[in-house]
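Number 60 in my numbering belongs to position 60 of the sequence shown; there are no gaps in the numbering.
All C-beta atoms in this analysis are idealised placements derived from N, C-alpha and C, irrespective of residue type, glycine included.
Scroll down for the structure; my scribbles are underneath it.
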Amino acid sequence: MDKLALSALKYSELLGYEYIVVLGRKEKTRKIRIIFSEDNWFHICGLHKLEDIAFPVRHKDIFNSVLKSIDNNNPQETIYTYDHISKSLFFEGNHVDARLDGCIDTLLSVNYTNN
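This is the structure in structure tokens:
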């Protein structure tokens, strides 16, 4: 499994989770909702920075295509592979590799709590 597929797989484990961060100062609070959706994976990984690769308008289609190739154990089923995106001229300058590592490592550093 390549790094792009592994990041999609790890990110899929976060789908459905929602985090609410409450910030407060001087008796005023602000809530920030963090929601993990299929569309957000595209941006979290930095794929939107790869301007020389044509991606479909619906970003969740890319996510689902990568996951489907994992489920069917057939990496050739999707054109969206680590090898493909790493050839982009914008890959290194936008730290896409580090973003993918971040997606992969996310589950190792997140504590889940039920409220």
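Going by DSSP, Val-66 is part of no beta strand (DSSP E) but of the alpha helix (DSSP H) stretching over 59–71. Between the segment 50–58 and the segment 15–23 there are fewer than three C-beta pairs closer than 8 Å, too few to call the two in contact.
The beta carbon of Lys-31 sits closer than 6 Å to those of Ile-20, Val-22, all from its chain and outside the five residues before and after it, given in chain order. In the DSSP annotation of this structure, the continuous segment of the beta strand (DSSP E) that includes Glu-18 starts and ends at 18–25.
In the three-state reduction of the DSSP assignment, Thr-78 falls in the coil class.
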